[in-house]
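Colleague: In our numbering, the protein residues as written are 562 to 870.
The C-beta atom is built at its ideal place from N, Cα and C for all residues, glycine as well.
Values in this document were obtained by computation on a predicted structure and should not be read as measured data.
Here it is: the structure, laid out below.
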Amino acid sequence: MRYFILFILTLLLACSALKKANQSYEQGDYRLTINECKEVLARDSTRVDACLLLARAYMAIDKADSAKMAAARAWDLEPDDQETRNLYITILLNLAQHKTKNENFYEAIALYKNVLTVEPKQPEALKKLADLYYRNGRIDEALSLYQHSLSVTQDSLLIAEKIVKIKERIIKSKSYLEKGKQALEENRIKNAVRFLFTALDLKPDSKPIKYYHHMAKGRQLYKQGGKSELWDAIEHFGLAATLRPELGEPHYRMGLAYHKKDRDEYDNAISEFKKAYKTNPDGPYAEESLERSRELMKKKKIMREFWGK
562 MRYFILFILT LLLACSALKK ANQSYEQGDY RLTINECKEV LARDSTRVDA
612 CLLLARAYMA IDKADSAKMA AARAWDLEPD DQETRNLYIT ILLNLAQHKT
662 KNENFYEAIA LYKNVLTVEP KQPEALKKLA DLYYRNGRID EALSLYQHSL
712 SVTQDSLLIA EKIVKIKERI IKSKSYLEKG KQALEENRIK NAVRFLFTAL
762 DLKPDSKPIK YYHHMAKGRQ LYKQGGKSEL WDAIEHFGLA ATLRPELGEP
812 HYRMGLAYHK KDRDEYDNAI SEFKKAYKTN PDGPYAEESL ERSRELMKKK
862 KIMREFWGK
């Protein structure tokens with residue numbers, strides 16, 4: 562009986578505090594509202610109404626991150642309540658817009674994704690997330706989201722125009738990629754770098770374009786031949802190798818660059834030539850890589866015997 566009475570008293574106190582919090586909110590005293598909501602939640606952390614009011618008060622004083630936490634708590638407690646869902650979405654959208662304005666794109670993207678977790682067809686989140694993907698060079702993801710949002714947005718004509726623009730951009734990027742590959746095959750390295758840079762600018766998320774751009778840039782730097790340029794060439798070839806780990810050419814060209822950088826240092830060059838052969842033993846650079854590794858190993862042995870090391 563005693564516990565029941567205590568429960569009723571706690572409930573009455575919470576209701577009284579929440580009534581005061583609502584009055585403070587209506588009077589524009591948002592900081593007092595926040596304190597009173599916190600008192601309510603300290604007594605009963607499951608009060609959805611207190612969480613929602615707390616979220617609104619935080620939004621009123623431009624504390625969007627705190628508002629998000631309060632609204633998220635309310636949504637966790639009552640995920641099927643439409644008022645709770647709407648407020649949570651509104652707060653997430655406002656916060657995402659704020660992050661975008663401040664160029665915190667990673668956080669903005671995460672927030673729009675959060676909205677779509679709550680409501681998968683939320684029109685503004687679909688469109689704004691697609692815009693952010695496009696702005697940050699994530700062309701394929703942008704295209705997919707624009708296509709998804711086409712059926713749920715009122716700006717269907719505008720979205721359709723963006724889809725056409727992206728598809729044209731992808732076609733252009735493929736054209737420049739082919740030009741760059743052709744220039745590489747013909748050893749027109751400067752032209753290859755130019756074509757592939759344009760292709761990469763059009764479609765920064767293309768793995769094939771990134772690969773050939775790194776290869777072209779590495780070969781250009783290798784040709785220039787200074788020690789600094791050779792280090793940069795090695796870096797580009799290394800990045801190419803991570804993009805296409807099944808190919809031997811990046812390792813072959815790293816081997817060349819290491820040897821050109823320092824004729825008396827063999828280990829790195831030998832290692833890369835061996836990797837080139839092992840990675841793709843039937844590839845076009847396999848036999849030459851194997852021969853170069855053997856040749857360098859012989860020279861290394863001779864030098865060690867000569868110097869007694």
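#1: Which first and last residues belong to the alpha helix (DSSP H) in which isoleucine 732 is found?
#2: What do you reckon, are the CB atoms on leucine 533 and isoleucine 720 nearer than 7 Å?
#3: If you draw a straight line from the alpha carbon of leucine 862 to that of tyrosine 819, how long is it in whole angstroms?
#4: Less than 6 Å between C-beta atoms, sequence neighbours within five positions excluded: which residues of the same chain meet that for leucine 763?
#5: My output table needs one value for arginine 814: the three-state DSSP class, helix, strand or coil.
#6: Could you give the first and the last residue of the continuous alpha helix (DSSP H) run that contains asparagine 655?
#7: Taking only the alpha-carbon atoms, compute the straight-line gap between threonine 571 and leucine 579 and give it to the nearest angstrom.
#8: Determine the DSSP secondary structure at lysine 599, reduced to helix, strand or coil.
#9: Could you work out which residue in Asp642, Lys835, Arg608, Gln643 is closest to alanine 631 when comparing CA atoms only?
#10: Out of Asp766, Val679, Lys688, which has the shortest C-alpha to C-alpha gap to isoleucine 700?
#11: Can you tell me whether methionine 864 is buried or exposed? The criterion is at least 16 other CB atoms within 10 Å of its CB, across all chains shown.
#12: Output yes or no for whether 7 Å exceeds the beta carbon distance between tyrosine 649 and alanine 621.
#13: What residue range does the alpha helix (DSSP H) around aspartate 793 cover?
#14: Answer yes or no: do arginine 814 and tyrosine 772 have a C-beta to C-beta separation smaller than 7 Å?
#15: Could you give the DSSP three-state label for lysine 861: helix, strand or coil?
#16: Starting from proline 681, trace the alpha helix (DSSP H) both ways and give me its first and last residue.
#17: Spatial neighbours of tryptophan 636 within its chain, please: CB distance less than 6 Å, with the 5 preceding and 5 following residues excluded, ordered by chain position.
#18: Looking only at its chain, what residues have a beta carbon closer than 8 Å to the beta carbon of isoleucine 831, apart from the 5 residues adjacent to it on each side?
#19: Is it the case that the Cβ atoms of tyrosine 695 and alanine 703 are separated by a distance below 7 Å?
#20: Would you report the Cα separation of leucine 718 and alanine 760, rounded to the nearest angstrom?
#21: Which one of Leu693, Lys682, Pro684, Asp641 has the shortest CA to CA distance from asparagine 663?
#22: Counting C-beta neighbours from all protein chains within 10 Å, is the total for glutamate 746 16 or more, i.e. buried, or is it exposed?
#23: Any idea if valine 601 is buried or exposed, counting beta-carbon neighbours within 10 angstroms, 16 or more meaning buried?
#24: May I ask you to check if the CB of alanine 616 is nearer than 6 Å to at least one heavy atom of the ligand FAD?
Modeller: Reading from the atomic positions:
#1: Per DSSP, isoleucine 732 belongs to the alpha helix (DSSP H) from 717 to 746.
#2: The structure shown does not extend to residue 533, since the chain spans only 562 to 870, so no value can be given for it.
#3: Reading the sequence as shown, one finds lysine at residue 862 and not leucine. Here the C-alpha atom of lysine 862 lies approximately 18 Å from the C-alpha atom of tyrosine 819.
#4: The residues are Arg730, Lys733, Ser734.
#5: In the structure shown, arginine 814 sits in a helix (DSSP, three-state: H, G or I).
#6: Annotation: the continuous alpha helix (DSSP H) that includes asparagine 655 extends over 643 to 662.
#7: Annotation note: pLDDT 45 at threonine 571 (below 50); position unreliable, coordinate value reported separately. Threonine 571 and leucine 579: Cα-Cα distance of roughly 12 Å.
#8: Lysine 599 carries a helical assignment under DSSP once its states are collapsed to helix, strand and coil.
#9: Nearest C-alpha to alanine 631: Arg608.
#10: If we check each option's Cα against that of isoleucine 700, Asp766 comes out closest.
#11: Exposed is the call here.
#12: For tyrosine 649 and alanine 621, no; Cβs fall outside 7 Å.
#13: It spans 788 to 804 - the alpha helix (DSSP H) in which aspartate 793 sits, taken as one unbroken run.
#14: Contact: no.
#15: Residue state, collapsed to three classes: helix.
#16: Taken as a continuous stretch (DSSP letters only), proline 681 belongs to no alpha helix (DSSP H), as it is neither H nor E.
#17: Around tryptophan 636, the same chain offers Thr645, Tyr649 as residues with beta carbons nearer than 6 Å, after the five sequence neighbours per side are excluded.
#18: Excluding residues within five positions, the ones whose Cβ falls inside 8 Å are Gly816, Ser854, Leu857, Met858, Lys861.
#19: Yes; because the gap between Cβ atoms is below 7 Å, this pair is in contact.
#20: So the alpha carbons of these two residues sit roughly 28 Å apart.
#21: Selected option, being the one with the closest Cα: Leu693.
#22: Under this definition glutamate 746 is an exposed residue.
#23: Looking at its Cβ environment, which holds 16 or more other Cβ atoms inside 10 Å, valine 601 is buried.
#24: No copy of the ligand FAD appears in this structure; indeed no ligand is present at all.
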